[in-house]
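First the structure, in the form of structure tokens, and then the observations on it.
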Amino acid sequence: MGAGMDKVVPSAAEAVADIPNGASLAVGGFGLCGIPMELIKALHDAGTTDLKVVSNNCGVDDWGLGILLVDKRIAKMTSSYVGENKEFARQFLAGELEVELIPQGTLAEKLRAGGCGIPAFYTATGVGTQVAEGGLPLKYNGDGSVAKASEPKEVREFFFNGENRRYVLEHSIVCDFGLVHAVKGDRHGNLVFHESARNFNPLCAMAGKVTIAEVEELVEPGELDPDEIHLPGIFVQRVVVVGKDIEKRIERRTVRPRTQEG
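Just so you know, the sequence shown maps onto residues 4 to 265 in the working numbering.
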């Protein structure tokens, strides 16, 4: 194996060391499931700030991207859902944070398309709403007035699937860096995700110009069955081994009461 193919770096701190202030990041995870927490903590420890982050959500107040948010390291958040983070709501309404809310499926496709080299695409999602027509608050003033609002997007009619329908043009997303978490990876950057942790992780990896993957287990090239690989190493530039004993939190535990059998 050539040295250039070995993408393993010794630590999370070294992996994120060249991420500059003001960088854009595509960060994998859904809620607290499959988030690259060790890379997020390393970025926090490095003091990196003014970040433009694209992620389904922003963690919670004391975990995930929330640890960057609470120290005001994030300047703009592009997300689908932010309802579990009180500090997020406070900063947004106080005019301290710019927020772009995007329908979840559209966000997923914007990341995937960016990784595939597709600059834009049309979707029916959002037509007839502020998503397409503009006026969606992106940033507030301290007095509650809107400082910045979304611009109208191009809408066109297409004949598709037997009917004429309007579609809105959405631009794809490409970020300076991608940060993802995988249960297993090899030295070439081929990754395997565990069950529902295969959420936004593959898409964020595709959308990063430089993608850093933290993996719980490192295997040698050839040990992964090709049919087992969820993301090919072409999308990954750095691999960091974080081990299987890292802390994993559950955002909200929901269980049913046990029923008496018999």
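The beta carbon of each residue, even a glycine, is placed where N, CA and C say it ideally should be.
Hey, quick one: how far does the beta strand (DSSP E) through residue i stretch, first residue to last?
i	result
Arg-169	166-174
Asp-179	178-189
Arg-261	That residue, Arg-261, is in no beta strand (DSSP E); it is neither H nor E in DSSP.
Val-158	158-163
Taking just the CA atoms, how far does residue j sit from residue i?
i	j	result
Leu-68	Gly-165	44 Å
Gly-192	Pro-260	42 Å
Glu-254	Glu-90	16 Å
Pro-106	Gly-129	8 Å
His-174	Phe-180	18 Å
Cys-207	Glu-160	30 Å
Gly-211	Arg-201	16 Å
Val-30	Glu-226	27 Å
Asn-88	Leu-104	15 Å
Cys-119	Pro-235	13 Å
Met-243	Asp-228	A small correction: the amino acid at residue 243 is Val; Met does not occupy that position in the sequence shown. Whole-angstrom Cα-Cα distance: 21 Å.
Pro-155	Phe-124	16 Å
Gln-133	Leu-139	6 Å
Asn-167	Ile-237	39 Å
Met-209	Ile-121	12 Å
Gly-188	Val-12	13 Å
Taking DSSP as the reference, what is the three-state secondary structure of residue i?
i	result
Ile-253	coil
Cys-36	strand
Ile-22	coil
Ile-15	Residue identity differs from the one stated: residue 15 is Ala in this sequence, not Ile. Looking at Ala-15 - three-state DSSP - the assignment turns out to be helix.
Met-4	Here the model assigns Met-4 a pLDDT of 47, short of 50, so the residue's position is not dependable and the matter cannot be decided.
Pro-224	coil
Leu-104	strand
Val-85	coil
Pro-140	strand
Gly-265	Low confidence applies to Gly-265: its pLDDT is 46, below 50, so where it sits in the model is not reliable enough to give any reading.
Val-245	coil
Assuming residue i is part of the alpha helix (DSSP H), what are its boundary residues?
i	result
Gly-118	107-119
Ala-208	204-210
Lys-55	Lys-55 -> not in any alpha helix (DSSP H); beta strand (DSSP E) instead, spanning 54-57.
Phe-91	89-96
Ala-135	133-136
Let's test the definition: count the other Cβ atoms within 10 Å of the Cβ of residue i and tell me whether it reaches 16, buried, or not, exposed.
i	result
Arg-241	buried
Gly-5	Low per-residue confidence applies at Gly-5: pLDDT is 49, beneath 50, and the placement is therefore not dependable enough to give any value.
Glu-2	Because the chain is modelled from 4 through 265, residue 2 falls outside the range shown and cannot be assessed.
Leu-172	exposed
Met-8	exposed
Ser-82	buried
Gly-37	buried
Lys-270	Only positions 4 to 265 of the chain appear in the structure, and residue 270 is not among them; the question remains open.
Glu-157	exposed
Arg-256	exposed
Rounded C-beta distance between residue i and residue j? I'm assuming under 8 Å.
i	j	result
Tyr-170	Thr-109	Their Cβ separation, rounded to whole angstroms, is 11 Å, which puts Tyr-170 and Thr-109 out of contact at 8 Å.
Asp-48	Ala-92	Not really, about 26 Å apart at Cβ, beyond 8 Å.
Leu-28	Val-56	5 Å
Ile-215	Leu-182	6 Å
Leu-42	Ala-20	No, Leu-42 and Ala-20 are not in contact; Cβ-Cβ is about 11 Å, not under 8 Å.
Gly-32	Ser-58	7 Å
Leu-96	Leu-71	About 19 Å; that fails the 8 Å criterion.
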